[in-house]
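In what follows, a single structure is set out as structure tokens and then discussed.
Residue numbers (the numbering used here): 86 to 439.
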């Protein structure tokens, strides 16, 4: 019951039933209206709600503990894998024995292993030869059964041979298709038609070109060549290395226009490029910005790379001119191809940067 001062929260039973929502709706609405104007009752209700929440939480924790104990007492059930594996092994053995028995020990019914007695030969009569003795065709149902048995025995051999031939033909076709799809160095240069001279202002002016990385050390071969092709490539590589050593001993190489010129390779980091060129290089993966300068009788080729090469690798670089308007710089782990305007291409000796 409510007291004369109006604080109904002094009644423990009333506040407990209010928090647990055990009163009728009219009574609950009346007490909630009182809580809106009475701070004392509101604080008491909040305290009771905290107590009830704590009791509920404690009860849940105790229930969880009891549930874990009960689950721990339940024996664990596991599949009898040992029995399953043993049964599977028995089935496999039975199938293997049945297959062996059918494939290797099956005999054609009606053919017995009787020994046919041969007539005794007279003295002086030559021993018959199996090669010269003509085969006598069999007649009757025995001949038909033997021919049927021979055809069934030879059928798997013919099937396996035909499958092997078909597989070999398919492998050869795939190899030819992959080799036809494998791009060459000149194909890669033809694809990058836009990779070439950026600007030029005459024969003696500086020239900016874009080089395309053709191959790297980590690339996988696109086709698996046969042994004969591997040997041919090995011979070609050894001949190319021999030619490179011969060219390295020469100081100058004469070109079609009877001009000779030295080429000096240099390298700079891409951070040395102009801001506009740096932005262009980021949008063009696999492209190397290169500047060509002519100073007196020497041509300087400056490569702008993300990571600088070793000086020894730069000194051992090799220059190739597949065509009159192309140039290829070969390092130990990559090759860079260029498309050049007419008059700039030279097959020259490489000099390391000082």
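Just so it is clear, CB atoms sit at the ideal spot from N, CA and C, and this is done for glycine as well.
Here the C-alpha atom of residue 121 lies approximately 13 Å from the C-alpha atom of residue 129. For residue 258 and residue 383, the gap between their C-alpha atoms comes out near 51 Å.
Secondary structure note for residue 137: its alpha helix (DSSP H) is the uninterrupted segment 124-158. In the structure shown, residue 354 adopts extended strand secondary structure according to DSSP, grouped into three states. Its Cα nearest to that of residue 354, the residue 392 stands out among 380, 348, 417, 392. Apart from the 5 residues on each side of it in sequence, residue 100 sits with its Cβ closer than 8 Å to the Cβ of 93, 94, 129, 130, 133 in its chain, given in chain order. Remark: three or more beta-carbon pairs, one from each stretch, lie closer than 8 Å, so the segment 360-377 and the segment 292-300 are flagged as touching.
Each of 183, 350, 424, 412 was checked against the Cα of residue 389, and the nearest Cα belongs to 350. Here DSSP, grouped into helix, strand and coil, assigns residue 168 to helix.
According to the DSSP assignment, residue 102 belongs to the alpha helix (DSSP H) that extends over 97-104. Per DSSP, residue 162 is not a residue of any beta strand (DSSP E), being assigned neither H nor E. Counting only unbroken stretches of 4 or more residues, the alpha helix (DSSP H) elements lying wholly within the segment 365-421 are 396-400, in sequence order.
The criterion of a C-beta distance shorter than 8 Å is not satisfied by residue 412 and residue 352. Residue 161 and residue 168 have their C-alpha atoms spaced approximately 18 Å apart. Taking every protein chain shown into account, the CB of residue 139 has fewer than 16 other CB atoms within 10 angstroms, so this residue is exposed. Cβ-Cβ distances below 6 Å link residue 104 to 133, 134, 137 in the same chain, with the five nearest sequence neighbours on each side left out; the list follows chain order. Between residue 297 and residue 372, the C-beta spacing is below 8 Å. In this structure residue 144 is exposed. Its beta-carbon is surrounded by fewer than 16 other beta-carbon atoms within 10 angstroms. Taking C-beta separations shorter than 7 Å and ignoring five residues to either side along the sequence, the partners of residue 116 in its chain run 93, 103, following chain order.
For the pair residue 356 and residue 253, the Cα-to-Cα distance works out to about 54 Å. Residue 117: member of the alpha helix (DSSP H) spanning 110-120, first to last residue.
Burial state of residue 386 is buried, judged by a 10 Å Cβ sphere holding 16 or more other Cβ atoms.
Secondary structure of residue 259 (DSSP, three-state): helix. The Cβ-Cβ distance between residue 416 and residue 400 does not fall below 8 Å. Residue environment analysis places residue 421 among the buried positions, since at least 16 neighbouring C-beta atoms fall within 10 angstroms of its C-beta. In this structure, the alpha-carbon of residue 425 lies about 41 Å from that of residue 256. The shortest C-alpha to C-alpha distance from residue 404 to any of 359, 360, 347 is the one to 347. Short of 8 Å from the beta carbon of residue 358, and not among the five residues preceding or following it, lie these beta carbons of its own chain, in chain order: 366, 374, 389.
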